[in-house]
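Residue numbers (the working numbering): 16 to 116.
Backbone N, C-alpha and C define an ideal beta-carbon position, used for all residues, glycine too.
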């Protein structure tokens, strides 16, 4: 069995955080899915599981569409659907994570 590890560095992490912060700030929150995708991409593409590097192919537009859907479901269910939103985000993240090789 090969080793699993994370090889992300502090400099690239800080840069990703700064870029994400400015995207969220300058778009008044509408760019949050874009910022989330930047952070997910950084995290996942620096992860190696049993010698196999992971990749991430989620897009901000797809996440934004889901967010709109989830927002309306929260309104319709008077907030009850909000308990499932975190699970849905994790499902979406897993669906867009793959092995590069």
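query	result
Inter-residue spacing [alpha-carbon to alpha-carbon] between residue 87 and residue 23	36 Å
Straight-line gap, residue 106 to residue 57 (C-alpha atoms, nearest Å)	18 Å
Local Cβ density within 10 Å of residue 45, reported as buried at 16 or more and exposed below that	exposed
Beta-carbon proximity check, residue 50 vs residue 36, cutoff 9 Å	yes
Residue range of the alpha helix (DSSP H) that includes residue 27	25-41
CB contact flag (residue 77, residue 68, <9 Å)	no
Expected contact under 8 Å - CB spacing of residue 74 and residue 52 to nearest Å	7 Å
Closest by C-alpha distance to residue 48, when choosing among 81, 109, 93, 92	81
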